[in-house]
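Asks: Pasting a structure below so you can have a look.
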Amino acid sequence: MDFQRVQRCCKSAKCFAMVYEDLQKQFHLQFSQLKSKNDKDNFLLRCMEATTPKRVSTVCKKKAPLKFQWQYYCVVDGEKTKVCLQFFSNVLQIGQKRLRTIQQKYAQGFVVIKDSRGCHDNRPHKISSDVWEMVEQHWESIPHGESHYCASKSSRKYFENPELTVMKLYKLFCKLYKQRKHTEVKLDYKTYHRYLKNPLSFFL
């Protein structure tokens, strides 16, 4: 995907003010010019750092304690600048679900991430990763928030518009895809619906 300057992110960090446009572009190009998914996943892993939280909330007893907290960095010419998750994913134009998948593999002991697509059934493997990344970018572009009810129990987010339905989201995405790619997306509603209902995704 072509580089797009990030001019908005979280209100507190204002990472876009610390990482000016040229650095954003260099960081984006380092990632986008990698050819394989393995190389890209390992690049992402090198730009993240995991720390063990000092204290874990026990309000939700059914939820296993978080193993890591993650920090994100824009790395250019060996210089690291700490940024927020939203800025990190927006500059690289990737979905946050992809980052969570890498983090889960890291927690399982995988220091070098290997592509295992097609070896499991929990993700429709006939759809390209580029389509799924665009789906997640579309979700992130729609006003949303995080659940305040026992936040440690789930990392899922909710869309703020109460009139949104899965079908409306699907139609909006199909329209967006056609505008950008000038072709129809090969993604049926049933597959889209199943992906949206993933426990680490959004809910309506």
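Terminal number for the sequence shown in the working numbering: 206, no gaps in between.
C-beta: ideal position from N, C-alpha, C; glycine also.
#1: In the DSSP assignment, what residue or residues form a beta bridge with Trp72?
#2: Specify, as a first and last residue, the run of the beta strand (DSSP E) that Glu81 falls within.
#3: Beta strand (DSSP E) containing His146: first to last residue?
#4: With DSSP run on the structure shown, which of helix, strand or coil describes Val93?
#5: Report, in whole angstroms, the separation of the C-beta atoms of Phe5 and Cys76, which I expect to be a contact under 8 Å.
#6: Cα-Cα, which of Glu138, Ser130, Asp190, Leu189 is closest to Lys39?
#7: Using DSSP with H/G/I as helix, E/B as strand and the rest coil, what is Tyr1?
#8: Can you tell me where the alpha helix (DSSP H) holding Tyr33 begins and where it ends?
#9: Assuming Glu138 and Gly97 are in contact, meaning their beta carbons sit under 8 Å apart, how far apart are those beta carbons, in whole angstroms?
#10: Please identify the residue among Thr185, Gln106, Asn92 whose C-alpha is closest to the C-alpha of Leu47.
#11: Work out the CA separation of Ile144 and Leu94 for me, nearest whole Å.
#12: What are the start and end residues of the beta strand (DSSP E) that includes Lys159?
#13: Expressed to the nearest angstrom, what Euclidean distance is found between the alpha-carbon atoms of Arg100 and Leu36?
#14: With a threshold of 16 other CB atoms inside 10 Å of the CB of Met136, please say whether the residue is buried or exposed.
#15: Helix, strand or coil for Val78? Go by DSSP, reduced to three states.
#16: Taking the continuous alpha helix (DSSP H) assigned at Ile104, which residues delimit it?
#17: Name the residue from Trp72, Glu142, Lys27 whose alpha carbon lies nearest to the alpha carbon of Arg102.
#18: Find out if the Cβ-Cβ distance for the pair Thr83, Val8 is shorter than 8 Å.
#19: With DSSP run on the structure shown, which of helix, strand or coil describes His184?
#20: By the three-class DSSP mapping on this structure, what secondary structure does Glu138 have?
Replies: Looking at the atomic coordinates:
#1: Looking at the DSSP output, Trp72 sits in a beta bridge with Ala52.
#2: Taken as a continuous stretch (DSSP letters only), the beta strand (DSSP E) holding Glu81 covers 81-85.
#3: Counting along the chain, the beta strand (DSSP E) containing His146 begins and ends at 146-148.
#4: Val93: helix per DSSP, three-state reduction.
#5: Rounded, the Cβ-Cβ distance is 13 Å, inconsistent with contact.
#6: Measuring from the Cα of Lys39, the nearest candidate turns out to be Ser130.
#7: With the chain running from 3 to 206 in the structure shown, residue 1 is simply not present.
#8: Looking at the sequence itself, residue 33 is Phe, so the reference to Tyr does not match. Counting along the chain, the unbroken alpha helix (DSSP H) around Phe33 starts and ends at 23-34.
#9: With a Cβ gap of about 3 Å, Glu138 and Gly97 count as contacting.
#10: Comparing alpha carbon positions, the residue from Thr185, Gln106, Asn92 closest to Leu47 is Gln106.
#11: If you take the alpha carbons of Leu94 and Ile144, they lie about 18 Å apart.
#12: Its beta strand (DSSP E) spans residues 159-161.
#13: Taken atom to atom, the span from the alpha-carbon of Arg100 to that of Leu36 is near 16 Å.
#14: Buried.
#15: In the displayed model, Val78 falls within a strand according to three-state DSSP.
#16: Note, Ile104: alpha helix (DSSP H), 98-109.
#17: For the set Trp72, Glu142, Lys27, the Cα lying nearest the Cα of Arg102 is the one of Trp72.
#18: Cβ atoms of Thr83 and Val8: not closer than 8 Å.
#19: His184 carries a coil assignment under DSSP once its states are collapsed to helix, strand and coil.
#20: In the three-state scheme derived from DSSP, where H, G and I count as helix and E and B as strand, Glu138 is classed as helix.
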